[in-house]
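There are 4 protein chains.
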Amino acid sequence: MKVGVIGATGYTGHELLRLLRGHPEAEVVFLGSSGSAGRDLREIYPGLPGEWPELTAAEPPPVDILFCALPSGAAAERAARFLAAGGKVIDLSADFRLRDPADYEVWYKWRHPAPEFLPEAVYGLPEFYRADIAGARLVANPGCYPTAALLALRPLLLAGLLEPASIIIDAASGVSGAGRALSPDYLFTEINENFKPYGVTSHRHTPEIEQELSAAAGQKLRVSFTPHLLPVTRGILATIYARPRPGVSEADLRQCWEQAYEGEHFVVLLPAGVWPQTKFAFASNFVFLQLKLDERTGRVVAAAAIDNLVRGAAGQAVQNMNVMCGRPEEKGLEQLGLWP
Amino acid sequence: MKVGVIGATGYTGHELLRLLRGHPEAEVVFLGSSGSAGRDLREIYPGLPGEWPELTAAEPPPVDILFCALPSGAAAERAARFLAAGGKVIDLSADFRLRDPADYEVWYKWRHPAPEFLPEAVYGLPEFYRADIAGARLVANPGCYPTAALLALRPLLLAGLLEPASIIIDAASGVSGAGRALSPDYLFTEINENFKPYGVTSHRHTPEIEQELSAAAGQKLRVSFTPHLLPVTRGILATIYARPRPGVSEADLRQCWEQAYEGEHFVVLLPAGVWPQTKFAFASNFVFLQLKLDERTGRVVAAAAIDNLVRGAAGQAVQNMNVMCGRPEEKGLEQLGLWP
Amino acid sequence: MKVGVIGATGYTGHELLRLLRGHPEAEVVFLGSSGSAGRDLREIYPGLPGEWPELTAAEPPPVDILFCALPSGAAAERAARFLAAGGKVIDLSADFRLRDPADYEVWYKWRHPAPEFLPEAVYGLPEFYRADIAGARLVANPGCYPTAALLALRPLLLAGLLEPASIIIDAASGVSGAGRALSPDYLFTEINENFKPYGVTSHRHTPEIEQELSAAAGQKLRVSFTPHLLPVTRGILATIYARPRPGVSEADLRQCWEQAYEGEHFVVLLPAGVWPQTKFAFASNFVFLQLKLDERTGRVVAAAAIDNLVRGAAGQAVQNMNVMCGRPEEKGLEQLGLWP
Amino acid sequence: MKVGVIGATGYTGHELLRLLRGHPEAEVVFLGSSGSAGRDLREIYPGLPGEWPELTAAEPPPVDILFCALPSGAAAERAARFLAAGGKVIDLSADFRLRDPADYEVWYKWRHPAPEFLPEAVYGLPEFYRADIAGARLVANPGCYPTAALLALRPLLLAGLLEPASIIIDAASGVSGAGRALSPDYLFTEINENFKPYGVTSHRHTPEIEQELSAAAGQKLRVSFTPHLLPVTRGILATIYARPRPGVSEADLRQCWEQAYEGEHFVVLLPAGVWPQTKFAFASNFVFLQLKLDERTGRVVAAAAIDNLVRGAAGQAVQNMNVMCGRPEEKGLEQLGLWP
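Residue numbers (this note's numbering), protein chains in the order written: chain A, 4 to 343; chain B, 4 to 343; chain C, 4 to 343; chain D, 4 to 343.
This is the structure:
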């Protein structure tokens, strides 16, 4: 597979290059960057060994897959142009994830420049939409928080086991999720030995989570979603609270997960009592899940852990590439997480 | 004030010594330690400058206040002995926090050896129980998570603004909360770049929170409480979800906090939109609070940040000492948090 | 003492404010800031409780001491103006540390705008120049690396115990030493889980160290100095290699330190075999020292640990203020370091 | 290749399993562990997905390569037994690295139980001893610090460019180098926000470095070696000081490295002015090198960065396995380092 990467100099771009270089059947032939056109990638990342295509602001050549790793808002037009020219795109921004263009105005505060592509975009969560992804020419790679939240919640809502209005998602992410943005908020000195909520009640991943969970529940639902910033580079943990429908037992919930994820290479249902840790997933494409029904309060507590740059971005994109190109889904993604 | 510290070699003991040495009117005259009797404190903590009393397993001499910084379960008998001899005790363990001895059997899995002291123990949260603390001879210094959760929630429940059954407390703590215990779980290699829930539905601080909130609400209530372990040394953040009673507005909630904490030196109500960060409280006795009513979901989200070793343990103990001994409450605790 | 702080919004400024607020005899009456004039300090640092003077770009009023915490190059003119008006200044930049104006051109790449003040500036290392500081109206507060290196080396060179040409200083600093500068180099993501040398053979603290050591040795000497960036917020460790003069024993070296630092409150000579850790000094004004003569190689290895923001900047400035104003030197600086 | 791992539950064992599982031509058929015999590996490391052989205290079956990841002192007898039975061993402890059995008594404080195997053990640094490794049945995998130091220094000494008596190695390592040992020294609380030297003048890697550098220099030499403990999980940086022989220029030194490492896949000579960072090597088998001749002091400063668990242990072991089994040396080790 010949592939190109636009937005190659960001953290997501770098992670794509790391994974693609380790993929036995992928070859990176194009590196797009508007800000660093003409430079050698190793000037920007001197720790990257080996040879790489020169960074360029030019349009990509025909490739099997174009990965678009531009910031949300900057991706739509660029991806649309390549699609119009007949290419296949995996877009890692939010620009094709929401079906309703109005949601972009409400949550992202901009007007979508290519809404005509929204209907055909496939939401790239392979465990749920594998067949559609296989036939898609435009895949919207899910957000990092939604990936964790949906892998935990979607099967349970689809099976009607939870009260749709009861869902609270309290999540925490490593700082790489913010990209390489320069702000005092992301300086080592202000993140180290610190922990804080942000985007309380207003984070942009909220409508994405609600869209997918509403579809699963068969009714419009709203969730409370509070992200926090962790003093780690990588990792997302979502801790989830919900009320089961009357009569639903912990065994029912577990069985639902087991059926939904039977044979899924990347989903690890931990033994009862063992809770996910972000480090379990560090640098790997695996997701780790656990839940418990608290008889005292009647609430179920669930948790999901992923690496936000792998399963929450570049790894899931490579997984989607494998599906779109008819390769085994785990190809190039076999690496286990690092420990310690 | 002449004071003694039992359990001087643990982290809480060390923090007490740090604060007491900086207190202009306190003098540490006794250091109790069963495991390190006869040793010089600086063998254990070579970074501690200055002179210190020798560590001893002997009974403390008469002092104005005896701080008991032993682990939960080990404190009760020791403290009871000193009380019986006529002394005043601030106990930093959980051994005198719960009013119902049966709760120790359920949550702590041991039988209380001195239940006769439970009725007179005062729960040492000065903003709530100042007058009782002033007259107490036994103060049960609150747990770290309960301190954060109660400072956020108690006034709101006391004022009847929240649905008692709706409370979810999702909290995260630095590793110093676990003390100096030797377990692979607390090795740098397994905490660094990691984040995980623990004690899900079973953490021992749950009955303590419920006891105090039930008293405030005037009815028995249960909370969902999920602690997490942060890769930081110090700091607790509690993120709290609840449903306001019908008709309660965000302004009502804010006003309740403002009235409850008017003139309180250590409580900082942040301006709207500025959320607490654990680092705001780093190495200080302050607590930082914020809340928001989410009109979309009808839930209020609140957050509280403290330093678990200061406000969550040794600092609050010194604050209690000041109250018990008629000193200004902030004496020796004026230090601002470190930044960065 | 009424004091003012220019450059109040940087990390050093913040640390000065933290220490001065805790000082029982100092009152901060002026906060200068060109970039944030007119703002409330708590907009910039919302974790700072209490009331503060408004930030202003105006000239400071008469005060007992003006602390100048501007970047090197920006301080000289500002400080000179205040001096010319009859005030006393403690300058925390490098602008008055070097006696030879030509050194600024070589190492700092700019021409000194007020060289006429260089002869009277006193190098503010109280253990060495206490008497001069007491009578000074302009004190050049030492650099962070030089403070650590000089406290270890100066007595040994003054006593003629080391070969002047043999000195190698391998040092590491926390990131707060870089201030609040916005660069990808200081993002959490690129510092966390990383360690690197920088400024190899060219760091600006080199001439400062050489100036003071040359004066001690009575001859012009040059040192190899390699700073590294640590993934910590605070702390400097200098590991030093040198050849003792023929016949010098480890006991001679230790005795030299003991005599030089007898009665010095802030200098801790650790017991043999216990090596300094940056955390010993965390948030305190103490310096921790150790050395060993390696009979196999004939080299002495020494180490010094400080907190770069306290003893390496704001704490030493307050220590100088105490000396200049006739107060006990440790006033307001009694706090022990944090552990853990 | 069928391989076994003894000492599978330590960090080095885990890292071997991670790399071997990602190796397309290796199959792990045996997991030895005396302390955890009979257990499932995933009880110990619940983040490890997939199936693994049961842990056993039994003797390994015949395999192509047996990796011995036991602590130094525990490996010799075990490895010797397998060798005696006709197997091939890569030993990751220090037990076969030193040629002179007396060195074990001096530096390790124990008597070597199988000195008869020392003469045939090949020091497993492939860039230097590739041919010998290819024919060996016992490879002594180098220590982590020696790997970094030797890759920087050996070619320069072999070429006679440095004064043999002038070498100082100041190095820092992540905490994983200490293994999973339970000691307060390795608790998160005591490592986080800390940095310290240890084993000053007495670290066990000293004789290993001296043995290899003496061989290169053609004369017995001694080095000053000071290790430090970094608050990171992985990574070693060695900063090295030496005096070049008279007349040697920086260009000579660079040219020496270029010739020594021409065509070497895993050695990255960074462009002038770009210094190694441990993070460049994070989770990869690459080593990054840089040097500079300081005309002011006449000393050369060099630096080398590796991942201590990959290039400093398990990765180099897999590299050796590839050489011993006639596979391309980079097989299974192609992964680039993580960034960020």
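Backbone N, C-alpha and C fix where the C-beta goes; we use that ideal spot for every residue, glycine too.
Please read these numbers as outputs of a predicted model, since none were measured by experiment.
*Starting from G238/B, find everything on chain A with Cβ-Cβ shorter than 9 Å and list it in chain order.*
Within chain A, the residues near G238/B are E196, N197 and F198.
*Other residues of its chain near E28/C: CB distance less than 7 Å, five sequence neighbours each side excluded*: Annotation for E28/C: M4, R330 and K334 place their beta carbon closer than 7 Å to its own, counting only its chain and skipping 5 residues before and after.
*Spatial neighbours of A168/C within its chain, please: CB distance less than 8 Å, with the 5 preceding and 5 following residues excluded, ordered by chain position.*
Taken in chain order, the residues that qualify are L224 and R225.
*Would you mind telling me which residues of chain A sit closer than 8 Å to T209/C, beta carbon to beta carbon, in chain order?*
Near T209/C there are no residues of chain A at all, since even the closest Cβ is about 24 Å away, more than 8 Å.
*Report yes if the CB atom of K199/D is closer than 8 Å to the CB atom of H231/D, and no otherwise.*
Taking 8 Å as the cut-off, the Cβ atoms of K199/D and H231/D count as close.
*Would you mind stating whether F99/D and L141/D have Cβ atoms separated by less than 8 Å?*
By the CB criterion at 8 Å, F99/D and L141/D fall inside the cutoff.
*Spatial distance of D173/C from A174/D (CA atoms)*: Pairing D173/C with A174/D, the inter-Cα distance amounts to about 10 Å.
*Of all the CB atoms in chain B, is at least one closer than 8 Å to the CB of T150/A?*
The beta carbon of T150/A sits no closer than 8 Å to any beta carbon of chain B.
*asked:* Which of the three DSSP states is assigned to D103/C in this structure?
replied: Of the three classes helix, strand and coil, the one that applies to D103/C here is coil, per DSSP.
*Flag F291/C as yes if its beta-carbon sits less than 8 Å from any beta-carbon of chain B, otherwise no.*
Chain B, which has a Cβ nearer than 8 Å to the Cβ of F291/C, makes this yes.
*Does the beta carbon of P118/C come closer than 8 Å to any beta carbon on chain A?*
Closer than 8 Å: no.
*Fully enclosed by the segment 185–261 of chain C, which beta strand (DSSP E) runs are 3 residues long or longer?*
Secondary structure in the segment 185–261 of chain C: the beta strand (DSSP E) runs of 3 residues or longer, each lying completely within the stretch, are 227–232 and 239–245 in chain order.
*Straight-line gap, R133/D to V326/D (C-alpha atoms, nearest Å)*: So the alpha carbons of these two residues sit roughly 7 Å apart.
*Within chain D, partners of Y189/B - CB distance below 8 Å*: Neighbours of Y189/B on chain D, chain order: L190, F191 and T192.
*So with Cβ pairs under 8 Å, would you call V178/B a contact of chain D?*
At a cut-off of 8 Å between beta-carbon atoms, V178/B makes contact with chain D.
*asked:* If the cut-off is 9 Å on Cβ atoms, which residues from the segment 114–145 of chain D count as contacting chain B, listed in chain order?
replied: In summary, no residue of the segment 114–145 of chain D has a CB separated from any CB of chain B by less than 9 Å.
*What residue does the beta strand (DSSP E) around D94/C start on, and which one ends it?*
Residues V92 to D94.
_Using a Cβ-Cβ cutoff of 9 Å, what residues of the segment 310–329 of chain A are near chain B? List them in chain order._
Cβ contacts with chain B: none found.
*What residues from chain D crowd round L294/B, counting only those whose CB sits closer than 8 Å?*
Among the residues of chain D, none has a CB under 8 Å from the CB of L294/B; the nearest is roughly 31 Å distant.
*Quick one, are the C-beta atoms of M47/B and T12/B less than 8 Å apart?*
Sequence inspection shows Ile at residue 47/B; the Met mentioned does not correspond to that position. Cβ distance < 8 Å, so I47/B and T12/B count as in contact.
_Please return the same chain residues whose Cβ sits closer than 6 Å to the Cβ of P149/B, not counting the five positions on each side in sequence._
Closer than 6 Å at the Cβ level, and outside the excluded window around P149/B, lie H208, E211 and I212.
_Alpha-carbon to alpha-carbon, G238/A and C71/A_ = Those two C-alpha atoms are separated by around 22 Å.
*Any heavy atom of the ligand SAM closer than 7 Å to the CB of N197/D?*
What this structure holds is no ligand at all, so the ligand SAM is not there to describe.
*Using alpha carbons as the reference points, say which of E261/B, E57/B and G25/B lies closest to S39/B.*
It is E57/B.
*C-alpha gap between A61/C and G35/C, whole angstroms*: Those two C-alpha atoms are separated by around 7 Å.
*Which partner residues does E30/A have in the DSSP bridge list?*
Residue pairing by DSSP puts E30/A in a beta bridge opposite K5/A.
*With burial defined as no fewer than 16 other Cβ atoms inside 10 Å of the residue's Cβ, what is the status of P122/C: buried or exposed?*
That one is exposed.
*8 Å contact criterion, which R183/B and L190/D should meet: CB distance rounded*: About 7 Å; that satisfies the 8 Å criterion.
*Take every Cβ of the segment 243–253 of chain B, pair it with every Cβ of the segment 262–273 of chain B, and state whether three or more of those distances are shorter than 8 Å.*
Because the criterion of three Cβ pairs below 8 Å is not met, the segment 243–253 of chain B and the segment 262–273 of chain B do not touch.
*Tell me, which residues are paired with D173/C by DSSP?*
Note: D173/C sits in a beta bridge opposite T229/C and T242/C.
*How would you write the range of the beta strand (DSSP E) that L273/A sits in, first residue to last?*
Premise fails: L273/A is in no beta strand (DSSP E) and is neither H nor E.
*Helix, strand or coil: which one does DSSP assign to Q280/D?*
Q280/D: coil per DSSP, three-state reduction.
*Would you please verify whether the beta carbon of L51/B is less than 8 Å from any beta carbon of chain D?*
Not a single C-beta of chain D is nearer than 8 Å to the C-beta of L51/B.
*Can you tell which of E265/D, I9/D and S252/D has the C-alpha that lies nearest to the C-alpha of D94/D?*
It is I9/D whose Cα lies nearest to the Cα of D94/D.
*Relative to the C-alpha of Q262/A, which residue among A162/A, G276/A and A82/A is closest?*
The shortest Cα separation from Q262/A among A162/A, G276/A and A82/A belongs to A162/A.
*From S217/A, L164/A, P247/A and P158/A, residue whose alpha carbon lies closest to that of L292/A*: Nearest C-alpha to L292/A: P158/A.
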